[in-house]
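Order-wise, the sequence lines are chains A and B. Residue numbering for the first sequence is 10 to 384, as defined by our numbering. Residue numbering for the second sequence is 3 to 469, as defined by our numbering. For each residue, glycine too, the CB sits at the ideal point set by N, CA and C. Structure first, then comments.
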Amino acid sequence: MTSNKKDPVLVVLQLSGGNDYLNTVIPYTDSGYWDARPGVHIPEGDIIDLDGRLGLHPSMGVINGMYGQGNVAIVHGIGYANSIRSHFRSMDIWHTCEPDRVGTEGWLGLAARDIDPHKENVVTTVSIGPSMFRAVSLPGVPVACVDSLDSYGLLTGISDTQRRSTILDRFTQMYSPAIGTDLAMEYLGETGLEAMAGADILKAAPQMYSSSVEYGDTMVARKLKDIAQIHLANLGTRIFYCDYGSFDSHANQLGMHANLWTDVNRAVGDFFADLKEHDAADNVVMLLFSEFGRRVRDNGSGTDHGSAGVAFVIGDRVKGGQYGEYPSTKAEDLEQGDLVPSLDFRGFYSTVLEDWLGLDAKPIVKGTFEKPAFL
Amino acid sequence: MASENIALMAHLMRRAGFGATREELETRAAKGYEATVEELLNPESQDGSDRLEFFRYHPGYRRPITSPGMGSAAWLHDLVSTGRVLEEKMVLFWHHVFATGTGKVDHYHELIIQIDMFREKGMGDYRELLLALAKNPAMIFWLDNCDNHSYAVNENWGRELLELFSMGVGNYTEDDVRECSRAFTGWTLSPMIPRQAYGRFDWEFEFQEEDHDDGEKTFLGHTGNLDGNDIIDIVCSQPATANFVARHLYNFFVADEPQVPSWQDTPPNDPEAVDMLAKAFVDSNYDMRSVLRVLFMSDFFKNARFAKIKSPAEVVVGTLRMVGGYEFPVPGIGERSKQAGYMGQDLLNPPSVEGWHTGVEWINSGSLMKRINFCADMVGDVSRPGIQSIVGRIREKGALGPEQLVDTCLDLMGPMEVIPENRQLLVDHATEFGQLRWETEQDVSNSSEKIGELLQLVVSLREYLYA
């Protein structure tokens, strides 16, 4: 059965390490910014003005262009109450929507289970990178974890195709369910079978791909190019997850932060140009987020772990603009020197889950939260 | 009875080392378990790895550039060639706990100095080790203590010292983090010359008194003009620290625990074992060697066979040691030292200061493929001395039926324990081989290839993921 309606696809680009909100969307008309950032600020003349009040980092020209076309939502002051300053714990909270206990079920793992409850497609979710993200992890939900699309396959060292095929048959049997094994063995068995099935499907993607877009030679460009190839191969993948970083700019922030955004800015632009060239951009929405923003006051050469941050949502179907309030930078309004989040990330997720993926957000984010209307 | 001794010795050597050949297991089993534990605990009696020999053949890996696999090449050579296996395993242990990465440090030579420090101090006094860590330039740079000033406190090192290196979350307040960080102001490195355009400089620890905050501080109930030495003394006196280190040892050497961030809320799988290790830690005044002795001699250790999923480093080092021929610094080191990274553990480049998530989290469809492909490629090369030795032992047994052939392979690759269904699959596969013949050179070559193919299936088994 074929359908002309394209299923919505979500791409998450996680900015790992804690992206500095204040130097990404810069409140340059606020004297509080200049007071708090004697060492780590963007010169006013370099800032890309958004609305006469806020401006983007100078490395974000392409994203600014997409914003001008109404395809970028900037979501202000995102975070959660009593923000944790530990990278790992905070990232876990973003991945599991569990701020009060250690959760193990990823929010997109739960989403994938709702999208494909009978596991009809082992590549419904594709995680790009050497290790899988907790956000997409849920026992019983297959995720194709692709480090590099070009060399993906099992027992590729056995060159005799007939021997390899016999051995792969045995492999399939060896990883099939068996009586009397424990949960870990079951997980390993499922993972082995999914690896087999996923490799068979994904090996088609690079062979079908051709494009006039030349991506940059950066890790984030390679990851987004792999995602573009899989998306363009129409394999039914609905959730893509990747990351870039580290944005953990305790020291020498200015150069490091500019380099990171230069890479992200170009890769995101190339990715959407690639999809547009193949008329495959209109069902894709990309999220960019970080586990927290950074401290308001700089430490001389960098910034320490903070609280509220900024998220971006990019795509043709996004209602561009700014959502939520930029948190106050006034000393009396800060909490332990940090911006107080004005929007719970679980509301932001709820918009994506309900108004893009068409799922019921409440059981996934565990509650009802204010939804910014960017979709 | 003899095979039970071999099985227990194989377990000890997988955990306290990186596995051992059947020849080594037989020699060690003849000496006895306790004698072997003592030998492992006293590495001075064994030969270490020859770093200078490695550099003689691979001069490009001395002071390596920041490029994948470059930094860990010399260390991989140590891991594969040293006779002091427990000493080297402890280096890997501390690298898991005190995870420091080139992603930020961008100076492999300094990271290797940190690794060498773990070798020197990793089996000794934990308090001394923490102090050396606090003064280690790679760590100072990694956690920004060089930007921790009396006039502008940087909390990165102060926080992670408490959260990840000693006590664990939930045992201190945000105020303690602040005061701890103040105590380490002025603990910096020199020279602080920017790398561009001068190249990389060797770093030295330096205490800058004028940048040290010598005001009064209150840390975990202790008040005074505290400095970093006092902080480490106070940290070591906390029961939380003994428990935290004990749980790390249990997770690394005995059986997989939940991931570190959940330890605050999730009790250990075997609380009595962790208590026993923590007590040994306190009783011995933080002597790692004494804790390890208690661990390896305990029943909970001896009974924990195949209760851990091998880390990628263990897979790579164990496989290279098993197939043999890599004790000498042969070509191809660059590709070998990237392998663990492909499986999700790029040595000297952990994903974050939290280190790697372990246990089943090592395994996803991508990393599983990388792991199986590597092992299968290695054991499938029957010209390797370690595989030749396995083939030789099988050949010595004379005419074997398919079941005996499979059981012999499983024995020589472990001894391994596999579920009956998987053993049957291997037997089905071996049955297709027909009788192995050894009369002519062609027979020997064919039979060796078949054994290699069977070993490829063995290393693809779910059971082989465990140590």
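(1) Counting only the same chain and skipping the five closest in sequence on each side, list residues whose C-beta sits under 7 Å from that of B/Arg230.
(2) Using a Cβ distance threshold of 8 Å, determine whether the segment 308 to 322 of chain B contacts the segment 113 to 131 of chain B, with at least three qualifying pairs required.
(3) Quick check on DSSP: helix, strand or coil for A/Thr11?
(4) Go through its chain and collect everything with a Cβ distance to B/Ser407's Cβ below 6 Å, but skip five positions before and after it.
(5) Output the distance between the C-alpha atoms of A/Val273 and A/Arg231, rounded to the nearest integer angstrom.
(6) Can you name the residues that DSSP bridges to A/Met183?
(7) Excluding five sequence neighbours on each side, which residues of the same chain lie with their C-beta closer than 7 Å to the C-beta of B/Ser5?
(8) For B/Gln266, does the count of other Cβ atoms within 10 angstroms reach 16, so buried, or fall short, so exposed?
(9) If you reduce the DSSP assignment to three classes, tell me which class B/Trp364 lands in.
(10) In whole angstroms, give me the CA-to-CA distance for B/Val275 and B/Leu94.
(11) When DSSP builds the beta bridges, which residues end up paired with A/Ala242?
(12) Since B/Cys238 is in the alpha helix (DSSP H), which residue starts that stretch and which ends it?
(13) Please check the pair B/Lys310 and B/Asp258, which I expect to be a contact at CB under 8 Å, by giving their CB distance rounded to whole angstroms.
(14) Does DSSP put A/Leu269 in a helix, in a strand, or in coil?
(15) Give me, in chain order, the residues of the same chain whose beta-carbon lies closer than 7 Å to that of A/Cys154; leave out the 5 immediate sequence neighbours on both sides.
(16) Select from A/Arg94, A/Trp116 and A/Asp288 the residue whose C-alpha is nearest the C-alpha of A/Gly385.
(17) Measuring CA to CA, which of B/Gln341, B/Asp235 and B/Pro387 is closest to B/Leu370?
(18) Going residue by residue through the segment 75 to 160 of chain B, where are the continuous alpha helix (DSSP H) segments of at least 4 residues, counting only ones entirely within it?
(19) Name the chain B residues whose beta carbon is nearer than 8 Å to that of A/Asp313?
(20) Assign B/Thr187 to one of three DSSP states: helix, strand, or coil.
(21) Taking the beta carbon of B/Ile233 as the centre, do at least 16 other beta carbons fall within 10 Å, making it buried, or is it exposed?
(22) If I'm right that A/Ser255 touches A/Val49 with Cβ under 8 Å, what's the distance once you round it to whole angstroms?
(23) Which one of A/Glu199, A/Arg46, A/Phe383 and A/Pro148 has the shortest CA to CA distance from A/Ile323?
(24) Taking 8 Å as the cut-off, does the segment 358 to 365 of chain B touch the segment 297 to 306 of chain B (at least 3 CB pairs, one atom from each stretch)?
(25) To the nearest whole angstrom, what separates the beta carbons of A/Tyr250 and A/His85, a pair I think is in contact under 8 Å?
(26) Can you list the residues of chain A that B/Gln341 reaches, using a CB-CB cut of under 9 Å?
(27) What does a CB cutoff of less than 8 Å around B/Met3 pick up in its chain, not counting 5 residues either side in sequence?
(28) Under 6 Å Cβ to Cβ from B/Ala280, same chain only, skipping five residues before and after it: list those, please.
(29) Rounded to whole angstroms, what is the Cα-Cα separation between A/Ala213 and A/Ile176?
(30) How about B/Ala315: is its C-beta nearer than 7 Å to some C-beta of chain A?
(31) Tell me which residue opens and which closes the alpha helix (DSSP H) that B/Val461 is part of.
(32) Identify whether A/Phe321 lies in helix, strand or coil by the three-state DSSP scheme.
(33) Quick check: the segment 380 to 393 of chain B against the segment 451 to 461 of chain B, are at least 3 beta-carbon pairs closer than 8 Å?
(34) Apply the 10 Å Cβ neighbour rule to A/Val293 and answer buried if 16 or more other Cβ atoms are within range, or exposed otherwise.
(35) Does the beta carbon of B/Ile453 come closer than 7 Å to any beta carbon on chain A?
(36) With DSSP as the reference, identify every bridge partner of B/Lys219, one or two as the case may be.
The answer reads as follows:
(1) According to the sequence as given, residue 230 of chain B is Gly; it is not Arg. So the list reads Ala136, Ala185, Phe186 and Trp189, once near-sequence residues are dropped.
(2) Short answer: they don't touch.
(3) Reliability of the predicted coordinates at A/Thr11 is poor, the pLDDT of 41 falling under 50, and the value obtained from them is presented with this limitation in mind. Residue state, collapsed to three classes: coil.
(4) It should be noted that the sequence gives Leu, not Ser, for residue 407 of chain B. Excluding sequence positions up to five before and after B/Leu407, its CB lies within less than 6 Å of the CB of Ala432, all in the same chain and listed in chain order.
(5) A/Val273 and A/Arg231: Cα-Cα distance of roughly 11 Å.
(6) Looking at the DSSP assignment, A/Met183 forms no beta bridge with any residue, so it has no partner.
(7) Shown here for B/Ser5: same chain residues with a beta carbon closer than 7 Å to its own, the five before and five after excluded, namely Pro417 in chain order.
(8) B/Gln266 comes out exposed.
(9) B/Trp364 sits in a helix when the DSSP states are folded into three classes.
(10) It should be noted that the sequence gives Ala, not Val, for residue 275 of chain B. Roughly 22 Å separates the two Cα atoms.
(11) Under the DSSP definition of a beta bridge, A/Ala242 lacks any partner.
(12) Run containing B/Cys238: Gly230 to Cys238, per the alpha helix (DSSP H) assignment.
(13) Contact flag correct, Cβ pair sits at about 5 Å.
(14) A/Leu269 falls in the helix class under three-state DSSP.
(15) Ser136 and Met141.
(16) This structure does not reach residue 385 of chain A, given that chain A is present from 10 up to 384, and the question cannot be answered.
(17) The residue from B/Gln341, B/Asp235 and B/Pro387 with its alpha-carbon nearest to that of B/Leu370 is B/Gln341.
(18) Runs of the alpha helix (DSSP H) inside the segment 75 to 160 of chain B: 87 to 99, 104 to 107, 110 to 123, 128 to 136 and 139 to 144.
(19) Chain-ordered, the chain B residues with CB closer than 8 Å to the CB of A/Asp313 read Asn156, Glu157 and Asn158.
(20) Note: B/Thr187 maps to coil in three-state DSSP.
(21) Around the beta carbon of B/Ile233, a 10 Å sphere encloses 16 or more other beta carbons of the protein chains shown; the residue is thus reported as buried.
(22) Going by Cβ atoms, the distance from A/Ser255 to A/Val49 rounds to 17 Å, so no, they are not a contact pair.
(23) For A/Ile323, the closest of A/Glu199, A/Arg46, A/Phe383 and A/Pro148 by C-alpha to C-alpha distance is A/Phe383.
(24) They do not touch, by the three-pair rule.
(25) About 24 Å separates the two Cβ atoms, so there is no contact after all.
(26) None at all; the shortest Cβ gap to chain A is about 12 Å.
(27) Residue confidence for B/Met3 is low, a pLDDT of 41 falling below 50, so the modelled location carries little weight; the figure read from the coordinates is stated next. Here the set comprises nothing.
(28) Once the five neighbours on either side are set aside, the close Cβ partners of B/Ala280 are Ala244, Asn245 and Ala248.
(29) So the alpha carbons of these two residues sit roughly 22 Å apart.
(30) It does not: the Cβ of B/Ala315 has no partner Cβ on chain A nearer than 7 Å.
(31) It spans Glu443 to Ser462 - the alpha helix (DSSP H) in which B/Val461 sits, taken as one unbroken run.
(32) The answer is strand: DSSP assigns A/Phe321 an E or B state.
(33) They touch, by the three-pair rule.
(34) Classification for A/Val293: buried.
(35) No - not a single Cβ of chain A is within 7 Å of the one on B/Ile453.
(36) Bridge pairing for B/Lys219: B/Gly226 [DSSP].
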